[in-house]
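Rendered as structure tokens:
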């Protein structure tokens, strides 16, 4: 099984997280400047043997789209064209940034603020891997019924 990566795309910064080889645990990796994402992604995709990239999809709390949602979709499409060997999947990221901020100390250094983006990516990735495990469990139950 190959590892899965998640991206928390932003206008200035992108948080990156990766699973372990089993696809069970998500860990924050780094936060990079948006302008540097292609070179960083190329290295990580190769080094970590990534086949699937989950992209945080910023829907509104009511489930709609915003200007930011449309920016993220366009950015995801550009990345998918640049990295055609990888599958890029949009995944609901609602509240991931708030969860990441809740883990940070009250007084944040600039480095700590950057880490929040990678933590948010890890929360997005954890949500996706939880979904995959639940789907696999459901499929196993359906096979058992046969």
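Residue numbers (the working numbering): 47 to 192.
By construction, the Cβ of each residue, glycine as well, lies at the ideal position given by its N, Cα and C atoms.
For clarity, every value in this text was computed on a predicted model and none was experimentally measured.
Contact under 9 Å by Cβ, residue i with residue j
{"i": "residue 175", "j": "residue 109", "result": "no"}
{"i": "residue 97", "j": "residue 49", "result": "yes"}
{"i": "residue 64", "j": "residue 87", "result": "no"}
Buried/exposed call for residue i, threshold 16 Cβ in 10 Å
{"i": "residue 169", "result": "buried"}
{"i": "residue 166", "result": "buried"}
{"i": "residue 66", "result": "exposed"}
{"i": "residue 172", "result": "buried"}
{"i": "residue 146", "result": "Residue confidence for residue 146 is low, a pLDDT of 48 falling below 50, so the modelled location carries little weight and cannot support an answer."}
{"i": "residue 130", "result": "exposed"}
{"i": "residue 79", "result": "exposed"}
{"i": "residue 186", "result": "exposed"}
{"i": "residue 139", "result": "buried"}
{"i": "residue 180", "result": "exposed"}
{"i": "residue 72", "result": "buried"}
Cβ neighbours of residue i in the same chain (closer than 6 Å, five flanking residues each side left out)
{"i": "residue 61", "result": "54, 77, 163, 164, 166, 167"}
Close beta carbons around residue i, own chain, < 7 Å, minus the five adjacent residues each side
{"i": "residue 84", "result": "128"}
{"i": "residue 160", "result": "59, 77"}
Sequence-distant residues of the same chain with beta carbon closer than 8 Å to residue i, five excluded per side
{"i": "residue 57", "result": "80, 117"}
{"i": "residue 74", "result": "61, 62, 63, 161, 164, 165, 167, 168"}
Any contact between the region 93–105 and the region 52–59? By contact I mean 3 or more CB pairs, one from each, below 8 Å. yes
Suppose only complete runs of 4+ residues qualify. What are the alpha helix (DSSP H) ranges in the region 87–133, listed by chain order? 113–128
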